[in-house]
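Take a look at the structure set out below.
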Amino acid sequence: MPTVGSPERLPLTGSDDVVRARHRVRELAIELGFDLVAQTKIVTATSELARNTHLHGGGGTLTMTEVVDGSRRGLRLEFTDEGPGIENVQTALTDGWSSGGGLGLGLSGTRRLVDSFAIESEPGRGTRVEVTQWLKRR
Amino acid sequence: MTTPAHAMIARRIVPDTEHDVRSQVPEQDRSNSDLGVRASIADVLSHRGEQLLDGWVARGAVVAGASSADDLRRDGGAVVDALGRALNGADQSLDLGPVSGLLSDFSARRTRSGDRPSQTAGLILALREALLTELDSTLDEGADRMAVAREAGRLVDGLALGSFDGFLAGREEVISQQGEQLLELSTPVVRVWDRVVAAPLVGTLDSARAQVVMESLLQAIADDGALVAILDITGVPTVDTLVAQHLLKTVAATRLMGADCIVSGIAPQTAQTMVQLGIDLSEVTTRSSLADALVLAIARVQAHTERAARP
Amino acid sequence: MTAVPVVRMQDALIAAMQEDIDDQSALELADRLAAEVSTHGARIVLLDVSAAQVVDSFISRVIVDIARVCRLLGAEVTVVGIRPAVAITLVELGLSLEGVRTALTIDDALAALEEGAGADGRLA
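Chains as they are written, first to last, in my numbering: chain V, 8 to 145; chain F, -4 to 306; chain C, 796 to 919.
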């Protein structure tokens, strides 16, 4: 049964916030002991998802939490917004980078960067994306 | 690589209401007499803490050797504090989560330094003796000594059981580390020529290995300033779609770093299988042997070097 | 958000992307490069990204756009110094910077251009 530390929140309302989110997640990843490649992956995922929240979700919040599950430790990130929501989550997840608007949401790619990926979204009900990266021993 | 065990201890000492780690102690009756019994024990922990610790360390040194006395005193002190807090804070239910956590870390550490699980459990059980001794000297005549002794026993037994989880965690960590080292040893990347690096792969290529290979190869390109990377799969028995995907990713990544990637060592049967599976390596430069790949790589480097030398 | 400096050396332009570039600065860089190529008739653009620890889909797109725009204006763009961790992440994301030249160092980039290899510089 996973235990969690106390969550830390960051607003995602401006483009500066996206940069701030990248910085903070990198700091936490380094603190937790992630190697460089894992750090890069989680920070890049943060950049993608934070931008989505800012640009498509009308702004929202990033919640960062350290998690422990048995003998492994990890970092959990939750991106939430009260925006228009995604009409067809399944399509968004399988779409590459080509859905309307040029780059789409890039969720399928982002999902490959992290160990676990969960998304909840409904038109008019906002969006919530939760990703977790577990520490691998090196 | 070090596990910040002390950092983990520090984190777990802070009372955290979000903890839901279950204690190992079976459900207790919620009677007043039990609470009174716990109060007696809590009393000893707060007022006779030093003596309790002395007694525990003395007995523990018998089990684990005198040289560990300082460690025992420090870790033991933390456990006594946490136990006291748990008992004092308990109204109905008793949350031994933080204490279990401390002992788990303690156990894992001792396992890593080579202790047998019976030694670690022995250390924890030594607490029972020390606790009973202190209780014996502080309880007044009218106290229900049996009830107190039983409760103290239950508490320590539960904690000792929990230490086995810690032992297992410690063992798993050692195994995992060895696995990692094995993985890295079995995927060496070699500089075979000026500005040419090669990764001769042997054995099955699963996701974990493929990841290590890719990272090692890319790092070698960066370190060596390589212009060509050779991925030799002569020693890889089966190439299915998954393995092919790993290869394609590695090729793509080396290209992003400005290097060419040659895949060599595809056996005739493998080539046929790949065509049948619909694996498309048409964008990848391939050679059937590592030697041929090397010839191509050297030619490439020479052409580049000649160009670069001209004013 | 300081402007990225663009250095001119004969008919080559060199720009280094900073460590943590924000979206707006990336777009401004793209504009500047297009303007400089146009103004000076540059034939070579070297985009040094060795300081970038994170290259996400947006920056990746900007880089591809810079390459396409500059090619239309008569200059070849080479992206120099993608770090291993960044390369791995881009590939995982499914972004391969198709059709964009890459090189480990500026020297390699210039030598490759001299060789006259195609845009992908592929081996035979």
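Even glycine gets a Cβ: it sits at the ideal position worked out from N, Cα and C.
Here the structure is a predicted model, which means the values were calculated and not measured.
Straight-line Cα distance separating residue j from residue i
i       : j       : result
A81(F)  : Q173(F) : 37 Å
G116(V) : M804(C) : 38 Å
Q63(F)  : M71(V)  : One detail in the question is off: residue 63(F) reads as Ser in this sequence, not Gln. When rounded, the distance between both Cα atoms is 39 Å.
Q297(F) : A194(F) : 21 Å
L98(F)  : L39(V)  : 22 Å
D227(F) : L212(F) : 12 Å
G230(F) : L91(F)  : 53 Å
Q264(F) : D902(C) : 42 Å
A837(C) : Q848(C) : 28 Å
P14(V)  : E278(F) : 46 Å
R27(V)  : R58(V)  : 12 Å
I257(F) : L251(F) : 14 Å
D122(V) : I858(C) : 28 Å
R307(F) : V74(V)  : No answer is possible for residue 307(F): it lies beyond the span of chain F, which begins at -4 and ends at 306.
L808(C) : G869(C) : 13 Å
A304(F) : V270(F) : 42 Å
V872(C) : S181(F) : 39 Å
I261(F) : L272(F) : 15 Å
D24(V)  : A904(C) : 35 Å
S833(C) : I861(C) : 13 Å
S95(F)  : G84(F)  : 16 Å
L154(F) : L142(V) : 27 Å
Assigned exposure category for residue i - 16 Cβ within 10 Å defines buried
i       : result
G77(V)  : exposed
V895(C) : buried
M141(F) : exposed
S132(F) : exposed
V74(F)  : buried
P879(C) : buried
D15(F)  : With a pLDDT of only 34 at D15(F), under 50, the local geometry of the prediction cannot be trusted, and no value is derived from it.
V185(F) : exposed
G79(F)  : buried
P232(F) : exposed
R282(F) : buried
Neighbour list for residue i in chain F, Cβ cutoff strictly below 7 Å
i       : result
L885(C) : L251
Under 8 Å from the C-beta of residue i: neighbouring residues of chain V
i       : result
E167(F) : S78
D817(C) : S22, D23, V25, V26
Interface partners of residue i on chain F, CB under 8 Å
i      : result
V44(V) : E210
Beta carbon of residue i nearer than 9 Å to that of residue j
i       : j       : result
S202(F) : F159(F) : no
V780(C) : E831(C) : Past the edges of chain C, shown from 796 to 919, lies residue 780(C), and the structure says nothing about it.
S259(F) : A288(F) : yes
D317(F) : R190(F) : There is simply no residue 317(F) to check, as chain F begins at -4 and stops at 306 in what is shown.
A315(F) : L67(F)  : Lying before the first or after the last residue shown, residue 315(F) is absent from chain F, which here runs from -4 to 306.
G133(V) : G67(V)  : yes
E127(V) : L84(V)  : no
V197(F) : L178(F) : no
A321(F) : G50(F)  : This structure cannot speak to residue 321(F), because chain F is shown only from -4 to 306.
D255(F) : L276(F) : no
D88(V)  : G65(V)  : yes
T900(C) : G165(F) : no
Q140(V) : I49(V)  : yes
V881(C) : V844(C) : yes
E168(F) : R105(F) : no
L120(F) : A147(F) : no
A294(F) : V187(F) : no
Residue i (DSSP reduced to helix, strand or coil)
i       : result
P91(V)  : coil
P879(C) : helix
L899(C) : coil
T265(F) : helix
V25(V)  : helix
I816(C) : coil
G12(V)  : coil
I257(F) : strand
M252(F) : coil
E893(C) : coil
T162(F) : Correcting the residue identity first, residue 162(F) is Phe in this sequence and not Thr. F162(F) falls in the helix class under three-state DSSP.
R302(F) : helix
R190(F) : coil
A292(F) : helix
P195(F) : strand
L122(F) : helix
Residues that residue i contacts on chain V, provided the C-beta gap is smaller than 7 Å
i       : result
A164(F) : S78
V849(C) : R29, T47, V50, T51, S54
Proximal chain C residues relative to residue i, where beta-carbon distance stays under 8 Å
i       : result
H299(F) : D903, A906, A907, E910
L120(V) : T884, E887, L888
G113(V) : S852, L888
Within-9 Å CB hit, residue i to chain A
i       : result
I877(C) : As a matter of chain content, chain A is missing from the structure shown, whose protein chains are V, F and C.
beta-carbon residue i near the ligand ATP non-hydrogen atom, thresh 8 Å
i      : result
S13(V) : The ligand ATP is not part of this structure, which contains no ligands at all.
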